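So the structure is just underneath, and the comments pick up after that.
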Amino acid sequence: AGRLLQAAGFALPTVDTEVIRIGYPDSWTLWHHLRAMGESNATINRTPTSLSTLTAAASIYQQVYGEEDGLAASFQVIYMIGWAPHPSQQRPLQRGTGEVSLKDLGLDFPTNEGSSDANRPAKSS
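Be aware that the sequence shown starts at 835, since it is given in my numbering, and climbs by one per residue.
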């Protein structure tokens, strides 16, 4: 998503996400809210959905995600911030100009499982 901001001409992109969980009394109320958000039937070849299909889907959704007082739905919200470029904005330092090694900080960075050293660039001395 940050690359989208850069491609649109924004500088210093920041992207954050949040998952919001909302309870609904039934599938029909959830679908009504989805439709109000413009998130219903977002397909290229749209065709009307039959009442029997919707009833079956409501039943299955209730079985899978149902709770005592209704059912739950999770929504992932993506926040993107970018700034119009300006000469006064901070610029990244040249590669290799850092004064502190991340290894010296004692941080334990996760490694990519399944990756091989053959795919990594050679270390410069």
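Note that the Cβ used here is the ideal one computed from N, Cα and C, for glycine as well.
Here the structure is a predicted model, which means the values were calculated and not measured.
Compute the Euclidean distance between the alpha carbons of M914 and T848, then round it to the nearest angstrom.
6 Å
T851 versus G916 - alpha carbon distance:
15 Å
Check whether the Cβ atoms of A835 and I894 sit closer than 9 Å, and answer yes or no.
no
Whole angstroms is fine: what's the gap from G932's alpha carbon to L939's?
13 Å
With a Cβ-Cβ cutoff of 9 Å, do Q923 and A845 count as a contact?
yes
Along the chain, where does the alpha helix (DSSP H) that runs through I856 open and close?
Counting along the chain, I856 falls outside any alpha helix (DSSP H), though it belongs to the beta strand (DSSP E) covering A845 to Y858.
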